[in-house]
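Participant: Read in order, the letters of the first sequence correspond to residues 1 to 582 in the numbering used here.
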Amino acid sequence: MNLFTEMRALVISALENMQTEGTLPEGLEFKNVAVEPPRDAAHGDMATNAAMVLAKPAKMKPRDIAEALSAKLTEDDRVITAEVAGPGFLNLRLSPEAWQGIVKVALVNGAEYGQSDMGEGRTANVEYVSANPTGPLHVGHCRGAVFGDALAGLLEYAGYGVTREYWVNDAGAQVDVLARSAYERYREANGLEFVVKEGLYPGDYLVPVGEALKEKFGDGMIDKPESEWLEEFRDYTIDEMLRQIREDLALLNVNMQVWTSERSYYSSGKIEKTLEELKEMGLVYRGVLEPPKGKEPDGWEPREQVLFKATEYGDDVDRPVQKSDGGWTYFAPDLAYHYDKVKRGFDVIIDVFGADHGGYVKRMKAIVAALDHEKRVHFDIKLTQLVKLFKNGEPFKMSKRAGTFITLRDVLEQVGPDVTRFVMLTRRNDAPLDFDFEKVLEQSKDNPVFYVQYAHARVCSVLRKAAEAGIAVDDETLSRADLSQLDHEAELGVAKKLAEWPRLVEIAARSNEPHRVAFYLYDLASELHSLWNRGNDDGSLRFIQEDNVATSQAKIALARAVAVVISAGLGILGVTPAEEMR
RNA sequence: GCACCCAUAGCUCAGCUGGAUAGAGCGCUGCCCUCCGAAGGCAGAGGCCAUAGGUUCGAAUCCUAUUGGGUGCACCA
Numbered sequence: 001m002n003l004f005t006e007m008r009a010l011v012i013s014a015l016e017n018m019q020t021e022g023t024l025p026e027g028l029e030f031k032n033v034a035v036e037p038p039r040d041a042a043h044g045d046m047a048t049n050a051a052m053v054l055a056k057p058a059k060m061k062p063r064d065i066a067e068a069l070s071a072k073l074t075e076d077d078r079v080i081t082a083e084v085a086g087p088g089f090l091n092l093r094l095s096p097e098a099w100q101g102i103v104k105v106a107l108v109n110g111a112e113y114g115q116s117d118m119g120e121g122r123t124a125n126v127e128y129v130s131a132n133p134t135g136p137l138h139v140g141h142c143r144g145a146v147f148g149d150a151l152a153g154l155l156e157y158a159g160y161g162v163t164r165e166y167w168v169n170d171a172g173a174q175v176d177v178l179a180r181s182a183y184e185r186y187r188e189a190n191g192l193e194f195v196v197k198e199g200l201y202p203g204d205y206l207v208p209v210g211e212a213l214k215e216k217f218g219d220g221m222i223d224k225p226e227s228e229w230l231e232e233f234r235d236y237t238i239d240e241m242l243r244q245i246r247e248d249l250a251l252l253n254v255n256m257q258v259w260t261s262e263r264s265y266y267s268s269g270k271i272e273k274t275l276e277e278l279k280e281m282g283l284v285y286r287g288v289l290e291p292p293k294g295k296e297p298d299g300w301e302p303r304e305q306v307l308f309k310a311t312e313y314g315d316d317v318d319r320p321v322q323k324s325d326g327g328w329t330y331f332a333p334d335l336a337y338h339y340d341k342v343k344r345g346f347d348v349i350i351d352v353f354g355a356d357h358g359g360y361v362k363r364m365k366a367i368v369a370a371l372d373h374e375k376r377v378h379f380d381i382k383l384t385q386l387v388k389l390f391k392n393g394e395p396f397k398m399s400k401r402a403g404t405f406i407t408l409r410d411v412l413e414q415v416g417p418d419v420t421r422f423v424m425l426t427r428r429n430d431a432p433l434d435f436d437f438e439k440v441l442e443q444s445k446d447n448p449v450f451y452v453q454y455a456h457a458r459v460c461s462v463l464r465k466a467a468e469a470g471i472a473v474d475d476e477t478l479s480r481a482d483l484s485q486l487d488h489e490a491e492l493g494v495a496k497k498l499a500e501w502p503r504l505v506e507i508a509a510r511s512n513e514p515h516r517v518a519f520y521l522y523d524l525a526s527e528l529h530s531l532w533n534r535g536n537d538d539g540s541l542r543f544i545q546e547d548n549v550a551t552s553q554a555k556i557a558l559a560r561a562v563a564v565v566i567s568a569g570l571g572i573l574g575v576t577p578a579e580e581m582r
């Protein structure tokens with residue numbers, strides 16, 4: 001239940017009513033009529049722009065429409081006043097009962113309060129992390145992982161059937177490099193000196209791999225040519241890297257449903273098929289690209305390649321799919337993969353990339369635009385900006401050579417998954433994020449993670465205290481409490497915030513912005529803390545009222561409803577709510 | 001050179017796909033602990049939303065240009 005959409009429905013039906021009465025002309029479009037919370041609470045509880053939106057098409061003055069509409073709306077029990085204001089806004093003030101009803105709805109529906117049906121059962125594919133399996137995940141991957149996972153959770157909550165997917169770049173030159181790097185560690189495990197070779201991965205994370213390879217092959221591969229060991233070393237090392245990646249993600253509570261292997265595309269013929277189809281559409285040709293102006297790469301020379309006509313769909317240049325030696329470029333499997341996602345029937349496809357891959361957005365969009373023949377798919381790409389690490393306010397420089405390279409696992413071991421996840425979402429995805437190892441663990445009001453967790457824990461504390469005092473506080477009982485006692489403006493304020501929750505979910509889901517959930521939870525927590533603090537001065541605002549079970553239950557119901565929403569919201573973000581703070 | 005992202009209080013950032021007098025935290029100023037949790041609370045000051053145009057009833061939000069910052073730019077993934 002969404003009180004805002006209900007009130008919008010009320011406004012629409014009032015407008016239709018006016019049409020049948022002849023006070024408003026027929027044939028108007030109500031699409032842009034909105035009912036929103038006002039920016040300033042002094043303006044009332046909700047505001048509608050109906051009069052302003054309709055004034056022009058109806059050829060009427062906004063105020064005339066607003067006044068007629070006002071008379072209609074106040075006939076409803078829930079609407080106390082509907083005042084015309086400003087350029088033609090209609091400010092609604094709702095009855096206390098309307099807000100008290102929200103508390104009950106939240107308690108009855110529990111974790112489902114706020115769930116939306118805007119997805120209407122449509123399916124969404126969210127691809128994220130997709131880091132190359134050539135090493136452990138680092139903090140940069142972490143943000144993408146958290147963002148993608150929270151976005152997936154958000155879309156689920158909004159009624160989509162969500163697939164979480166990881167694209168494994170297990171093909172191409174990089175994994176051969178990985179195999180050669182593992183080979184050097186294998187030699188080392190066999191007692192030979194380890195030398196850092198140009199172009200190989202020097203990281204010591206391959207040391208155990210080298211040892212495992214020694215277990216497997218003994219010293220038999222030491223002097224063998226590459227052709228004898230490359231394939232087996234590569235497969236083993238990739239598997240091992242993927243195992244670690246899976247493990248790290250699991251520690252972060254990220255669990256992918258589908259892992260799609262790039263290599264499988266090479267053998268399946270999917271790349272050829274996709275290109276064949278594009279060729280039939282006239283979107284593939286042999287040609288020579290112009291060198292980029294202003295910044296000519298070293299050793300540039302004109303070369304004939306097979307190109308995808310990405311410019312046809314908004315890209316800046318056409319993109320090579322086949323190298324001059326006949327091999328596929330990295331772009332070719334991407335083409336086939338995205339076509340595959342389209343063909344798998346998803347209604348929504350989302351790629352989550354790091355900001356350093358921003359240059360790929362246009363070509364990816366070109367792919368989907370070209371291959372989504374029915375123009376059915378909603379395709380979006382979200383970029384996550386860099387994470388800057390700090391320790392006690394001091395910038396923390398990462399360096400592989402100095403051994404200060406921070407892996408995802410380092411972060412999780414120091415900070416834990418809940419804090420990590422929440423902090424990563426306290427900033428818009430396209431804004432850089434500062435992550436301070438000390439500050440994120442600080443237990444103070446300045447730390448949003450703590451602030452939200454604390455609000456939840458406080459409610460749990462009230463429930464425990466009330467139960468000790470012999471007051472029944474199960475949700476069933478609370479939902480039947482006499483909520484009309486929640487008549488104080490501070491209490492209604494909390495209820496009003498709760499009423500915004502379903503609306504917030506839809507806004508966040510529509511824009512694919514899970515950070516909005518985190519900010520909302522902060523605001524909601526703030527409402528609860530504020531009410532709590534007022535209880536310090538004004539005893540009648542405390543949740544537990546001595547010797548008055550009925551009143552206590554009403555007030556506790558409000559608190560519990562807050563906890564229900566915080567819990568649901570944290571659930572979307574993949575964060576466990578705290579029962580108590582220690 | 002081109003493309004994409006960004007620019008909002010002294011600082012760090014929100015801002016509802018165009019709504020009213022632009023918000024929060026930190027910092028600053030002033031008050032406040034006999035209290036279901038003061039690891040705080042309440043209040044106040046603080047703004048030309050980078051700049052200049054445009055679109056319209058209405059712009060931080062959309063368009064164009066400019067300035068300043070980040071990222072990326074064929075035969076690597």
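Heads up, the beta-carbon is just placed ideally off N, CA and C, and yes, glycines get one too.
(1) Between the Cα of A431 and the Cα atoms of Y166, V411, L383 and E36, which residue gives the shortest distance?
(2) Between L433 and R143, how many whole angstroms is the CB-CB distance? I'm expecting something under 8 Å.
(3) Whole angstroms is fine: what's the gap from L307's alpha carbon to R286's?
(4) Check whether the Cβ atoms of L486 and L558 sit closer than 8 Å, and answer yes or no.
(5) Identify every run of the beta strand (DSSP E) within the stretch 34 to 121, keeping only runs that are complete inside it and at least 3 residues long; order them along the chain.
(6) Only counting the same chain, and skipping five residues up and downstream in sequence, which positions put a Cβ closer than 8 Å to that of N17?
(7) Since A554 and D475 are thought to touch, with beta carbons under 8 Å apart, how far apart are those beta carbons, to the nearest angstrom?
(8) Which stretch, first to last residue, makes up the beta strand (DSSP E) that contains S13?
(9) Q385 to Y360, Cα distance in whole Å?
(10) Given this structure, state the Cα-to-Cα distance separating S324 from L408, to the nearest angstrom.
(11) By how many angstroms is the C-alpha of K365 removed from the C-alpha of R464?
(12) Count Cβ pairs between the stretch 165 to 175 and the stretch 112 to 131 that sit closer than 8 Å; are there 3 or more?
(13) Nearest to L573 by CA position, among L492, Y330, A145 and E280, is which residue?
(14) Note the first and the last residue of the continuous beta strand (DSSP E) segment covering R286.
(15) If we ignore side chains and look at the alpha-carbon of each, how far apart do V321 and T260 end up?
(16) In three-state terms, what does DSSP make of T163?
(17) Just mark H373 as buried or exposed, buried being the case when its beta carbon has 16 or more other beta carbons within 10 Å.
(18) Kindly give me the distance between the Cβ atoms of L155 and A509, rounded to whole angstroms, as I take these residues to be in contact under 8 Å.
(19) Please name the residue or residues paired with F390 in a DSSP beta bridge.
(20) Applying the criterion that 16 or more other CB atoms from any shown protein chain within 10 Å of the CB defines a buried residue, is D117 buried or exposed?
(21) Checking the sheet assignment: what are the DSSP bridge partners for G354?
(22) Alpha carbon to alpha carbon, how far is F437 from R246?
(23) Check this for me: beta carbons of L206 and Y236, under 8 Å apart or not?
(24) State the Cα-Cα distance for the pair V79 and A50, rounded to the nearest angstrom.
(25) Please specify which runs of the alpha helix (DSSP H), each continuous and at least 4 residues long, are wholly inside the stretch 461 to 519, giving them in chain order.
(26) Just tell me which of D77, D170 and A499 has its CA closest to the CA of L242.
(27) Excluding sequence positions up to five away, which residues of its chain have a Cβ less than 6 Å from the Cβ of L278?
(28) Is it true that the CB of G161 sits closer than 8 Å to the CB of G135?
(29) Looking at C-beta atoms only, is the number of pairs between the stretch 100 to 117 and the stretch 22 to 36 that lie closer than 8 Å three or more?
(30) Apart from the five residues on each side of it in sequence, which residues of its chain come closer than 8 Å, Cβ to Cβ, to A55?
(31) Of the choices S530, L90, P37 and T74, whose alpha-carbon is the least far from that of M52?
(32) Measure the C-alpha to C-alpha separation of Q19 and E75 and round it to an integer number of angstroms.
(33) Can you tell me where the alpha helix (DSSP H) holding Q322 begins and where it ends?
(34) Which of the three DSSP states, helix, strand or coil, is assigned to H378?
(35) Any chance you could list the alpha helix (DSSP H) runs of at least 4 consecutive residues sitting entirely within the stretch 525 to 575, in chain order?
(36) Output needed for S567: all residues of its chain with C-beta closer than 6 Å, excluding positions within five of it in sequence on either side, in chain order.
Facilitator: Per the coordinate set shown:
(1) L383
(2) Cβ atoms of L433 and R143 come within 8 Å of each other, at about 7 Å.
(3) Straight across, the Cα-Cα distance linking L307 with R286 is about 6 Å.
(4) In contact: L486 and L558 (Cβ atoms closer than 8 Å).
(5) Whole beta strand (DSSP E) segments, 3+ residues: 46 to 48, 79 to 85 and 89 to 94.
(6) K72
(7) Contact flag wrong, Cβ pair sits at about 14 Å.
(8) Where S13 is concerned, there is no enclosing beta strand (DSSP E), although the alpha helix (DSSP H) around it starts and stops at L3 to E21.
(9) 15 Å
(10) In this structure, the straight-line span from the alpha carbon of S324 to that of L408 is close to 38 Å.
(11) Cα-Cα distance, rounded: 53 Å.
(12) yes
(13) A145
(14) V284 to V288
(15) 20 Å
(16) Here T163 carries a strand assignment [DSSP, helix/strand/coil].
(17) exposed
(18) 6 Å
(19) Paired residues: P395 and D436.
(20) exposed
(21) In DSSP, G354 forms a bridge with T384.
(22) 24 Å
(23) Against a cut-off of 8 Å, the Cβ pair of Y236 and L206 comes out as no contact.
(24) 16 Å
(25) 475 to 479 and 489 to 510
(26) D170
(27) Same-chain partners within the cutoff: V284.
(28) no
(29) no
(30) K61, P62, I65 and G88
(31) L90
(32) Approximately 17 Å between the Cα atoms of the pair.
(33) No alpha helix (DSSP H) contains Q322, which is instead part of the beta strand (DSSP E) from R319 to Q322.
(34) Look at H378 here: in three-state DSSP terms it is strand.
(35) Complete alpha helix (DSSP H) runs here, min 4: 549 to 573.
(36) P577
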